[in-house]
Amino acid sequence: MPTPTRFDPIAELASLPGVGPARAARLARIGVQSVRDLLLVHPRRLVEWPAVEPLAEALRRKGARVRVRGRVLRTRLVRLGGKRSVVRATLGDASGEGDLVFFNQPWMQRQLEAGRELEVCGDVVVISGARALGAPRLASDAAPFPAPGTLEPEYEGGDGVSGDALAALIAVALERHGEDLEEPLPEDLLAARGLPTLARAVRALHTPSDREAFEDARRRLAFEPILALQARLQLRRARTGGSAPRVRVSDPLHAELLGAFPFTPTDAQRRVIEELRRDLDATRPMRRLLQGDVGAGKTAVAAWAALAAVEAGRQVAFMAPTEVLASQHHYGLRELFEARGIRTELVTGSLRAAERRDVTERLARGELDLVFGTHALFSDDVVFPRLGLVVIDEQHRFGVNQRARLAGKARGDADVHLLLLTATPIPRTLALTLYGDLEVSILDAPPPGRGELRTRWVQGQDRRKIPKFLAERLAAGEQVYWVVPRIDGGVEAGADGAATERDELASQATGAIDATGDHGATKDGAKDGAKDGSGPNAEQRFRQLAARAPLAQAGIELVHGRLPAEERRMRLDRFRRGEVGLLVATTVVEVGVDVPNATVMVIEDAHRLGLAQLHQLRGRVGRGTKGSWCLLLGDMKAEARLRLLERSRDGFLLAEEDLRKRGMGDLLGVRQSGENFEGLEDPDRDLDLLLAARDLFQRRPDLVAAYAARAPEALAP
734 MPTPTRFDPI AELASLPGVG PARAARLARI GVQSVRDLLL VHPRRLVEWP AVEPLAEALR
794 RKGARVRVRG RVLRTRLVRL GGKRSVVRAT LGDASGEGDL VFFNQPWMQR QLEAGRELEV
854 CGDVVVISGA RALGAPRLAS DAAPFPAPGT LEPEYEGGDG VSGDALAALI AVALERHGED
914 LEEPLPEDLL AARGLPTLAR AVRALHTPSD REAFEDARRR LAFEPILALQ ARLQLRRART
974 GGSAPRVRVS DPLHAELLGA FPFTPTDAQR RVIEELRRDL DATRPMRRLL QGDVGAGKTA
1034 VAAWAALAAV EAGRQVAFMA PTEVLASQHH YGLRELFEAR GIRTELVTGS LRAAERRDVT
1094 ERLARGELDL VFGTHALFSD DVVFPRLGLV VIDEQHRFGV NQRARLAGKA RGDADVHLLL
1154 LTATPIPRTL ALTLYGDLEV SILDAPPPGR GELRTRWVQG QDRRKIPKFL AERLAAGEQV
1214 YWVVPRIDGG VEAGADGAAT ERDELASQAT GAIDATGDHG ATKDGAKDGA KDGSGPNAEQ
1274 RFRQLAARAP LAQAGIELVH GRLPAEERRM RLDRFRRGEV GLLVATTVVE VGVDVPNATV
1334 MVIEDAHRLG LAQLHQLRGR VGRGTKGSWC LLLGDMKAEA RLRLLERSRD GFLLAEEDLR
1394 KRGMGDLLGV RQSGENFEGL EDPDRDLDLL LAARDLFQRR PDLVAAYAAR APEALAP
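The working numbering numbers the first residue of the sequence shown as 734 and each following residue consecutively.
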């Protein structure tokens, strides 16, 4: 079989009917730039068309996909403000009646006039306490429903392209070009894994004859992003070369640096520091990923490396993804560095022009040794004449290309040492496979002397006890976080990236969590919630808690991402210094806030957040010697996740659970570079594909460039 040098896009999207420049641009924003991309789109799920059943019987099956026939009895349109609306049409048959609910489709009111006979299919949902069919599909003479038992893929759209529109385009592309996909993989590899060719897989994926054929096709297409991921790693391994300035740390200096810390390093920290010491003493550039659970002491290890680099006459860039985290590192480490005469500064986007000019000029003259910063460090005016070490915290929030840009600020042909930190644990064997171009270190033990941290999912009447408990902790001189994901009336991102209109309407019906923590439509909650049809947000919760004297007496502040950076920093500093007892915040405090005196974390809407984010938030407490509490307020829909958090503080266990439930996500940090190769779709079933991809490129290096070319943004080492 001839080896392709590139993947043929088959045809331009504009060759498909109905795809003009505007639609092509929208498709490009969801990652579809050619007909080939369109054919490789994965369905969100595979559904089986049900048989028609009585309406009353269908509505008993919450969450089920059902199919019913009936007559429209009445229709009404409810405006929720702005462009948001809900159309409710009541359908009746011989068994009873029930509602069809359509979100943000006001035109449906005209289509669902009273007396019309309908056949509809949709999911049974609970809205405002009653069961209904949410956004069902309607059959018509021109488009009748398939026979019961027919399998049909459903697609997830975005950026103005609906799932149905995507399905229609895929159907046309499959008819015209389904047989044109060339197969770049060796036949023996496909046979060994029981995988169909690409052309057969695409047809089985979009028009499946049975579930087994669909699953085989899914695995073949799941292989594509895995191959692209491994191809990038192969190129990054090949490009990791050059030489970096040696940073020699003698035994006396090593002991001196360890003695500079106001605590005794743990055995785990000493072990990792020794690994860094060996890396820095080599001319080959260090490329090391340091994993450590929340509170394991990663920052102290990174600080040791920074001290060693500066002692060797090099400059250090210490980068974080948010101003909160960059400021926390500067705030927490400045005293340690300045005690040794090390000159530090903070560079963020919120610096005034004159301040920024002063800092960058001193940096360029070599008058600064260590600079903490955010993405602002990428700017052309940030110049390091002696850059030797780059430390990047929460590295998964940066793309590989961004990391390379910062490392590329070294002068001349010299390379720099690179230390990446992450509190998102990855099972070690998987990390070694994913980060094949990096050495991996793990901090697997927290510093001693930490108080016990207990996590509780608080439900029902127990929520009424929260204010009294908080008042007791505040009276004892301790501090409290109260986290609400929403800033104001807007819809916040949840565990799946977006809250739905369905959630909003349900929140409007059930009322807000009032200042007592109980579910109910209190005077304040009803008034505030009515503004936007949503539950309480950080600003509302701040007002409600500030009205409670026992809590407000300890001092209360509000922090969220829309505050000016300087104002946000001032409020956080007041909390750090203990001038404020209660901090109401959004998830902006997920990382970068270290207050050992904080002993309670309350998290509202915990069902909207993933395990990793909840674990990160929980890590803001339990950092001192006192016992601490994390109180989760969340719906039953997240019971399994919240119960797991109650049982375990093991970040690796939680990460593995997240891996099983939510896929690989952004472990390589590629999404931030403009591409979205998510790697494994289903780790339990597909880990063998990742290993097969790695082995394939070792046997067939001629295939590397073809697969890597699919992600040009991410090719930098």
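Backbone N, C-alpha and C fix where the C-beta goes; we use that ideal spot for every residue, glycine too.
Buried or exposed by the 16-neighbour rule on C-beta atoms within 10 Å, applied to residue i
i: residue 967; result: buried
i: residue 749; result: buried
i: residue 1370; result: exposed
i: residue 895; result: exposed
i: residue 874; result: exposed
i: residue 1055; result: buried
i: residue 1026; result: buried
i: residue 1479; result: Outside the modelled stretch of the chain, which goes from 734 to 1450, sits residue 1479, for which no answer is possible.
i: residue 1060; result: buried
i: residue 734; result: Here the model assigns residue 734 a pLDDT of 32, short of 50, so the residue's position is not dependable and the matter cannot be decided.
i: residue 1201; result: exposed
i: residue 1194; result: exposed
i: residue 886; result: buried
i: residue 1072; result: exposed
i: residue 1376; result: exposed
i: residue 1373; result: exposed
i: residue 995; result: exposed
i: residue 1118; result: exposed
i: residue 1352; result: buried
i: residue 1342; result: buried
Residue from the options with nearest C-alpha to residue i
i: residue 1362; options: 1425, 1213 and 1372; result: 1213
i: residue 898; options: 1292, 756, 1178 and 1200; result: 756
i: residue 1077; options: 1109, 1113 and 1040; result: 1040
i: residue 927; options: 747, 1101, 951 and 909; result: 951
i: residue 1189; options: 1366, 1043, 1279 and 855; result: 1366
i: residue 998; options: 782, 903 and 1181; result: 1181
i: residue 1270; options: 1293, 779 and 845; result: 1293
i: residue 812; options: 983, 831, 1379 and 840; result: 840
i: residue 1207; options: 1113, 1090 and 1312; result: 1312
Neighbourhood of residue i by C-beta, 6 Å cutoff - its chain only, sequence neighbours within 5 removed
i: residue 797; result: 857
i: residue 1426; result: 959, 960 and 963
i: residue 781; result: 884
i: residue 1360; result: 1184 and 1185
i: residue 1124; result: 1035, 1051 and 1152
As assigned by DSSP and simplified to three states, the class of residue i
i: residue 875; result: coil
i: residue 1214; result: strand
i: residue 766; result: coil
i: residue 808; result: strand
i: residue 1008; result: helix
i: residue 1105; result: strand
i: residue 1150; result: strand
i: residue 981; result: coil
i: residue 1175; result: strand
i: residue 1021; result: strand
i: residue 989; result: helix
i: residue 782; result: coil
i: residue 1342; result: coil
i: residue 1199; result: helix
Limits of the unbroken beta strand (DSSP E) element including residue i
i: residue 1051; result: 1048 to 1052
i: residue 838; result: Residue 838 -> no beta strand (DSSP E), and no H or E assigned at all.
i: residue 1300; result: Taken as a continuous stretch (DSSP letters only), residue 1300 belongs to no beta strand (DSSP E), being part of the alpha helix (DSSP H) at 1298 to 1309.
i: residue 1220; result: Per DSSP, residue 1220 belongs to no beta strand (DSSP E) and is neither H nor E.
i: residue 1289; result: 1289 to 1292
i: residue 885; result: 884 to 887
Same chain only: Cβ atoms within 7 Å of residue i, ignoring 5 sequence neighbours per side
i: residue 1303; result: none
i: residue 789; result: 828 and 829
i: residue 881; result: 782, 783 and 784
Delimiting residues of the alpha helix (DSSP H) encompassing residue i
i: residue 1060; result: 1056 to 1071
i: residue 846; result: Unbroken run through residue 846: none, as it is neither H nor E.
i: residue 1374; result: 1372 to 1380
i: residue 896; result: 896 to 910
i: residue 1186; result: Run containing residue 1186: none in the alpha helix (DSSP H); it sits in the beta strand (DSSP E), 1186 to 1190.
Minimum Cβ-Cβ distance from residue i to chain D less than 8 Å
i: residue 835; result: The chain labelled as chain D is not found in the depicted structure, where only one protein chain is given.
Near the ligand NAP: residue i beta-carbon under 7 Å from a heavy atom
i: residue 837; result: You won't find the ligand NAP in this model; it holds no ligand whatsoever.
Close-in-space but distant-in-sequence residues of the same chain around residue i (CB under 8 Å, 5 per side omitted)
i: residue 1437; result: 964, 967, 968 and 1430
i: residue 1083; result: 1056, 1297, 1298 and 1299
i: residue 1101; result: 1048, 1076, 1077, 1078, 1092 and 1095
i: residue 940; result: 907
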